């Protein structure tokens, strides 16, 4: 039996003081002599819940997208796959406009009506690229102490491209280029960059 249950069952004593009687509580029911100087903060209940991201209907695999933010803003890319939490896996292809395999937030993308068939692409390669740890870089060991002091004037080492990532890029590009070359003017369309000029009304444009 716990201490709280014993305290609740403990009976109080009655003592006579003259003509009156007083009820004296059990020692387990008495108030504490010491209290904390500051009130302990009670953790609040988290009422938010993680909702599964719902992609837009226009964001279908194979559709050509326009990037609105980031290093390659204005470039046109091909959507390969939907990743969790509203992230998209896209590629240029790299040989056409220099955009490699990368993840993009679906909020910063405009979907166009143009599409490319993804029949020849190896699905195993796309699944491999879509895994969580694919794009994480290997952290370089930071030099400390004397090594850090003597290496201040040295030029930083160039980052080497991962051979596996390059092979995956070539495999995806090879399959895409065969279908892109069949469509007239599609190569030039993907190679051109999108931009707005003075007087353009994007809300009235048909993508």
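Numbering (the numbering used here), first residue to last: 1393 to 1599.
Glycine is no exception: its CB is placed at the ideal position from the N, C-alpha and C atoms.
Just so we're clear, the structure is a prediction, and the values are computed from it rather than from any experiment.
Query                                                                                                                                                                     : Result
Are the region 1473-1486 and the region 1452-1459 in contact at 8 Å, needing three or more beta carbon pairs?                                                             : yes
Apply the 10 Å Cβ neighbour rule to residue 1588 and answer buried if 16 or more other Cβ atoms are within range, or exposed otherwise.                                   : exposed
Judging by CA-CA distance, which residue of 1435, 1459 and 1406 is the nearest neighbour of residue 1499?                                                                 : 1459
In whole angstroms, give me the CA-to-CA distance for residue 1599 and residue 1501.                                                                                      : 12 Å
Restricting to runs no shorter than 3 residues, where is the beta strand (DSSP E) found entirely within the region 1452-1531?                                             : 1455-1459, 1468-1475, 1479-1483, 1494-1497 and 1501-1507
Helix, strand or coil for residue 1412? Go by DSSP, reduced to three states.                                                                                              : strand
Taking 8 Å as the threshold, find out whether the region 1429-1439 comes into contact with the region 1474-1488 through three or more Cβ pairs.                           : no
For residue 1568, which residues from the same chain have a beta carbon less than 6 Å from its beta carbon, with the 5 sequence-adjacent residues on both sides left out? : 1485
Buried or exposed for residue 1445, going by 16 or more other Cβ atoms inside 10 Å?                                                                                       : exposed
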